[in-house]
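One structure is given below, encoded as structure tokens.
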Amino acid sequence: MGAFIVRFISEHASGLYTLCTLVCVVFLYGYIYHLYSSQQKGKRDYEKYADLALKDDLNDALIEPLENEKALRKGK
649 MGAFIVRFIS EHASGLYTLC TLVCVVFLYG YIYHLYSSQQ KGKRDYEKYA
699 DLALKDDLND ALIEPLENEK ALRKGK
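Residue numbers (the numbering used here): 649 to 724.
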């Protein structure tokens, strides 16, 4: 059984590579569309997360207060 799998992969390597690449591209573009549509609908403001690397001190303000997250969960 193991030899069959190895032979199958070696014979169809280019097709499997193309298939995996296409699947990754579809997931990537789907994720980008999700981020863009969430930003446009006002569900999330991802521009706030851009400053997270610069404002990562313990005394800095939170990106999203915990109360807002709890209120959003109750509203669903």
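Think of the CB as a built atom: it goes at the ideal place given N, C-alpha and C, for glycine as much as any other residue.
Segment limits, alpha helix (DSSP H) that includes residue i
i    : result
R692 : Per DSSP, R692 belongs to no alpha helix (DSSP H) and is neither H nor E.
E659 : 650-659
Three-state secondary structure assigned by DSSP to residue i
i    : result
K722 : helix
L683 : helix
E715 : helix
L700 : coil
L600 : As displayed, the chain neither begins before 649 nor continues past 724, which places residue 600 out of reach and without an answer.
L710 : coil
Best match in the options for proximity to residue i [C-alpha to C-alpha]
i    : options                : result
K691 : A698, F675, F652, E712 : E712
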